[in-house]
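Q:
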Amino acid sequence: MCPFKKDALVQQKGTYSVQSRHLRPVCAGSVPDLRPQVTLSNSSSHLRYTCVWTCGRSKSMPSGSDKVVCVTGAGGFIASWIVKILLEQGYTVRGTVRNPDDPKNSHLRELEGAKERLTLCRADLLNYQSLRQAIYGCDGVFHAASPMTNDPEQMVEPAVIGTKNVITAAAEAKVRRVVFTSSIGAVYMDPNRTPEKVVDETCWSDLDFCKNTKNWYCYGKMVAEKTAWDEAREKGVDLVVINPVLVLGPLLQPTVNASVRHILKYLTGSAKSYANSVQGYVHVKDVALAHILVYETPSASGRYICAESVLHRGDVVEILAKFFPEYPIPTKCSDETRPREKPYKFTNQKLKDLGLEFTPVKQCLYETVKSMQEKGHLPLPTQNDEPSYSNDHS
1 MCPFKKDALV QQKGTYSVQS RHLRPVCAGS VPDLRPQVTL SNSSSHLRYT CVWTCGRSKS
61 MPSGSDKVVC VTGAGGFIAS WIVKILLEQG YTVRGTVRNP DDPKNSHLRE LEGAKERLTL
121 CRADLLNYQS LRQAIYGCDG VFHAASPMTN DPEQMVEPAV IGTKNVITAA AEAKVRRVVF
181 TSSIGAVYMD PNRTPEKVVD ETCWSDLDFC KNTKNWYCYG KMVAEKTAWD EAREKGVDLV
241 VINPVLVLGP LLQPTVNASV RHILKYLTGS AKSYANSVQG YVHVKDVALA HILVYETPSA
301 SGRYICAESV LHRGDVVEIL AKFFPEYPIP TKCSDETRPR EKPYKFTNQK LKDLGLEFTP
361 VKQCLYETVK SMQEKGHLPL PTQNDEPSYS NDHS
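For what it's worth, my numbering labels the leading residue of the sequence shown as 1, then goes sequentially.
1. Ends of the alpha helix (DSSP H) at ASN165?
2. ALA159 and ARG94: beta carbons closer than 8 Å?
3. Who are the near neighbours of CYS121 in its chain, counting only those whose CB is closer than 6 Å to its CB and skipping five residues on each side?
4. Excluding the 5 residues preceding and the 5 following ASP206 in the sequence, name in chain order all residues of the same chain whose CB lies nearer than 8 Å to its CB.
5. State the DSSP-derived secondary structure class of CYS70, mapped to helix, strand or coil.
6. Contact between the stretch 270-278 and the stretch 70-89: three or more CB pairs below 8 Å?
7. Can you check which of these residues, TRP216, CYS203, ALA144, ILE305, is closest to VAL282 by C-alpha distance?
8. Between which two residues does the alpha helix (DSSP H) containing VAL287 stretch?
9. Which word fits LYS338, buried or exposed, when buried means at least 16 other C-beta atoms lie within 10 angstroms of its C-beta?
10. CB-CB under 6 Å to HIS107, same chain, minus the five flanking residues each way: which ones, in chain order?
11. Just checking my contact of LEU354 with ALA307 at CB under 8 Å: how many whole Å lie between their CB atoms?
12. Here's the rule I'm using: 16 or more other beta-carbon atoms within 10 Å means buried, otherwise exposed. How should ALA258 be labelled?
13. Note the first and the last residue of the continuous beta strand (DSSP E) segment covering TYR136.
14. Just confirm the distance between the C-beta atoms of VAL187 and GLY140, as a whole number of angstroms; I'd bet it's less than 8 Å.
15. Go ahead and label THR331 buried or exposed: buried means 16 or more other beta carbons lie within 10 angstroms of its beta carbon, across all protein chains shown.
16. Would the C-beta of ALA170 count as close to the ligand GDP, meaning under 7 Å from any of its heavy atoms?
17. Going along the chain, which residues of its own chain have a beta-carbon closer than 7 Å to the beta-carbon of ALA171, five neighbours each way excluded?
18. My guess is that THR227 and THR163 are in contact by the Cβ rule of under 8 Å, so how many angstroms apart are they, rounded?
19. Return the first residue and the last residue of the alpha helix (DSSP H) that VAL223 is part of.
20. Just how far apart, CA to CA, sit HIS312 and CYS210?
21. How many angstroms separate the CA atom of PHE180 from the CA atom of VAL83?
22. Hey, would you say ILE85 sits closer than 8 Å to ILE329, going by beta carbons?
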């Protein structure tokens, strides 16, 4: 059972009901079970109940309390959140980093449970033996490490070789499952896709289009994911893939990563206008939870698009301006000669079917900026101007 209880007072006569939608679980895959866990006791004129959330994973699945998993590139934005939640759920984690003593990885040692159950392993994606040592003895692997550059030499070859090394090491170690962090860039870059087409897990980017337009990030992500599937089939590895859109949210690491820098430029004055383009957005915690959900769910298979919404850049700056009017947020589009680009359609139903509830994009943007303020990447507003987030913020 997940260690979460919710007490409430109900004042009714005759029929007693509980609305479980008001209760929130604290671990991936949790579901409310009100039958054996509800206890009733009279207290004056009120009725008290206790709801215990029961973990939605199968009884045959391993719990985190006695399992060891490896997270590659543990110091990264997404990977740090995967490590954080795994530790919170009782897993013992081996995180691969290039240099365990590098200050940029110090945040990992400060996570709850890190002192007892986190080991930082010196490893390089291009060094098979280093990965083999980190993965050997693990029950599962979360391969989140990936180069972030638009240089083809630095993006494609390291991503492909690193993926091959991880899958090979996982096969040798006989891990139960590998969860691979891919990208929406491997899914939706297709010039022949019509606006009516719903982007789902069967879609693949057009490799020639990415190459001809020199979109090396999407090209590298697609080639790396294709490599992962090929290697997994050949070596008999159970592989599940997460394809997130642009990932935002609170920073655990001390530095600003590429996806968060996408928002930072609108707040510092470095961007004088916004592009006539659209982008998908998702909260980093939701991405981390998605990884753990598909790892823990026996029936999980294939690819999973991880996205909350798709917005025009103009909508993004408008939301930022409402929350943070003290910053020089651009108000003009860089290309007003073309019609405003429409958001593409997508489905995230596969992850919703596993129980994942996505964080609203407005809250995601708000928490991203607040985190950058707290980390010292943005000047703080004056006390009178400091904004707050609420679900009904218009």
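All C-beta atoms, glycine included, are put in the ideal place defined by N, C-alpha and C.
A: The relevant details are as follows:
1. First-last of the alpha helix (DSSP H) with ASN165: 152-173.
2. With contacts defined as CB atoms closer than 8 Å, ALA159 and ARG94 fail to qualify as a contacting pair.
3. Excluding sequence neighbours, CYS121 sits near ARG94, THR96, ALA134.
4. MET189, ASP190, PRO191, ASN192
5. Here CYS70 sits in strand by DSSP.
6. no
7. ILE305
8. 284-296
9. The question names Lys, yet the displayed sequence has Arg at residue 338. ARG338 should be labelled exposed.
10. LEU252, GLN253
11. At roughly 15 Å, the Cβ-Cβ gap does not stay under 8 Å, so LEU354 and ALA307 are not in contact.
12. exposed
13. If you look at TYR136, you'll find it isn't in any beta strand (DSSP E); DSSP assigns it neither H nor E.
14. The pair is not a contact, with the Cβ atoms about 24 Å apart (cut-off 8 Å).
15. Under this definition THR331 is an exposed residue.
16. You won't find the ligand GDP in this model; it holds no ligand whatsoever.
17. LYS235, GLY236, VAL237
18. 5 Å
19. 216-235
20. 22 Å
21. 14 Å
22. Cβ distance not < 8 Å, so ILE85 and ILE329 don't count as in contact.
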